[in-house]
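**Student:** For the record, in the sequence shown the residue sitting at position 135 is 135 according to full-length UniProt numbering, with numbers rising by one throughout.
Yeah, the Cβ is synthetic: ideal placement off N, Cα and C, and Gly gets one too.
All values derive from a computational prediction rather than experimental measurement.
Dropping the structure in here first, questions after.
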Amino acid sequence: MRAEIAGSTEATGEERAIVCHLRRATEFGLDDLTFVLRHFLSHLNRGSVWCILKDAGLNRWPVKEKIRPVRGEGTFRDYYDLGYVHIDVKHLQKLQTADGEARKRFLYVAIDRCSRFVHLAVKAAFPFKTTHILTDRGSCFTADTFEKTCQDQGVDRRRTRAYSPQTNGMVERFDGRVATEVLPINVAHHADLEALLRGFNHAYNQRRQRVLNGLAPAAKVAERLLQQPGLRNRRHKPVKDAEIMNDVDRIMIYANDVSQPDS
1 MRAEIAGSTE ATGEERAIVC HLRRATEFGL DDLTFVLRHF LSHLNRGSVW
51 CILKDAGLNR WPVKEKIRPV RGEGTFRDYY DLGYVHIDVK HLQKLQTADG
101 EARKRFLYVA IDRCSRFVHL AVKAAFPFKT THILTDRGSC FTADTFEKTC
151 QDQGVDRRRT RAYSPQTNGM VERFDGRVAT EVLPINVAHH ADLEALLRGF
201 NHAYNQRRQR VLNGLAPAAK VAERLLQQPG LRNRRHKPVK DAEIMNDVDR
251 IMIYANDVSQ PDS
């Protein structure tokens with residue numbers, strides 16, 4: 001049976017095996033490899049050879065085959081306990097400020113790798129100490145002031161590889177959730193948007209997750225802090241549920257009224 005490769009070009013399982021074996025044996029680049037293969041597999045063009053190599057994890061040079069664990073069975077390294085935080089910045093739409101001016105703002109999204117605990121704010125304030133920070137190479141994270149702040153706080157600051165957003169995929173995916181679940185809601189002011197984000201943040205941290213074996217991020221954090229009290233951030237000030245949800249209820253009532261005006 002043939003498997004479709006690169007549109008109309010096809011390759012059998014045996015042909016795929018030949019391409020991969022020749023790549024490993026010769027370590028030829030894509031162009032040289034294609035030139036050799038065309039002598040006895042004339043229907044395979046450069047694009048189809050690249051697709052075969054990509055599917056086998058052999059498309060990069062030098063060849064480095066990776067053995068990945070089965071999904072759900074992988075483990076984090078020892079230092080991936082509470083405190084390894086992925087950070088990103090998301091652009092928000094323009095809304096009115098208190099003085100009536102339309103101004104754009106930026107949302108800092110921070111998510112802990114171990115507990116999936118999230119904080120949405122201008123500054124991240126986790127209930128535990130931050131030990132590592134992973135960011136992309138955006139200008140807001142390459143400024144000298146950001147570097148100095150990390151050094152002053154004793155935080156191990158790390159960057160993703162260039163043009164590799166998947167390295168920071170955990171926070172990138174959460175950015176997508178904010179974009180689809182929060183930002184489409186009609187709000188009038190920045191203050192209401194920030195209150196709505198706080199409510200979404202709080203609800204997410206209380207939601208059970210399969211990846212945490214049925215625990216919510218907040219419960220995971222509480223469990224780890226009970227085991228290791230030294231990780232606790234003494235400056236963290238928890239917010240009462242009622243204060244958050246009362247604001248969210250008010251904003252949602254306004255949003256429903258705007259979205260469904262009286263006929």
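(1) According to DSSP, simplified to helix, strand and coil, what is F128?
(2) Between the Cα of E223 and the Cα atoms of S42, H202, C114, P238, which residue gives the shortest distance?
(3) Would you identify the three-state DSSP class for F146, choosing helix, strand or coil?
(4) Just confirm the distance between the C-beta atoms of K129 and N233, as a whole number of angstroms; I'd bet it's less than 8 Å.
(5) Starting from the Cα of H91, find the closest Cα among H190, G199, T160, V221 and give me that residue.
(6) Taking the straight line between their C-alpha atoms, what separation do you get for T180 and R173?
(7) Bridge partners for T135 per DSSP, in chain order?
(8) Taking the straight line between their C-alpha atoms, what separation do you get for R159 and S42?
(9) Find out if the Cβ-Cβ distance for the pair N168, D136 is shorter than 7 Å.
(10) Report the rounded CA-to-CA distance for R103 versus L193, giving the unit in angstroms.
(11) What is the residue span of the beta strand (DSSP E) that K240 lies within?
(12) Assign P184 to one of two classes, buried (16 or more other C-beta atoms within 10 Å of its C-beta) or exposed (fewer than that).
(13) Name the one or two DSSP bridge partners that F106 has.
(14) Please report the distance separating the alpha-carbon of D112 from that of D55.
(15) Using DSSP's beta-bridge definition, name the partner residues of V85.
(16) Where do the ends of the alpha helix (DSSP H) carrying A218 lie?
(17) By alpha-carbon positions, which one of A218, I87, E15 ends up nearest to T131?
(18) Go ahead and pull the three-state DSSP assignment for V63.
(19) Within 10 angstroms of the Cβ of R235, are there 16 or more other Cβ atoms? Answer buried if so, exposed if not.
(20) Use the C-beta contact count for E147: other C-beta atoms within 10 angstroms, 16 or more gives buried, fewer gives exposed.
(21) I think L22 touches V36, with their Cβ atoms under 8 Å apart; what is that distance to the nearest whole Å?
(22) According to DSSP, V118 sits in a beta bridge with which residue or residues?
(23) Roughly how many whole angstroms lie between the Cα atoms of F117 and F126?
(24) Thinking C-alpha only, which one of L107, A216, A203 is nearest V171?
(25) Within its chain, find whatever has a CB closer than 7 Å to the CB of N201; leave out the 5 residues flanking it on each side and keep chain order.
(26) Rounded to whole angstroms, what is the Cα-Cα separation between D241 and G154?
(27) Let me know if V49 comes out buried or exposed under the rule of 16 or more other beta-carbons within 10 Å of its beta-carbon.
(28) With 16 as the cutoff for other CB atoms within 10 Å, does E243 come out buried or exposed?
**Tutor:** The answer reads as follows:
(1) strand
(2) C114
(3) helix
(4) 5 Å
(5) H190
(6) 11 Å
(7) R159
(8) 44 Å
(9) yes
(10) 13 Å
(11) Segment: none, K240 is in no beta strand (DSSP E) and carries neither H nor E.
(12) exposed
(13) H91
(14) 31 Å
(15) D112, I133
(16) 217-227
(17) I87
(18) At V63 the pLDDT is 48, less than 50, meaning the model places this residue with poor confidence; the figure from the coordinates comes in the next sentence. Coil, per DSSP.
(19) exposed
(20) exposed
(21) 7 Å
(22) I111
(23) 8 Å
(24) L107
(25) V118, H119, L120
(26) 32 Å
(27) buried
(28) exposed
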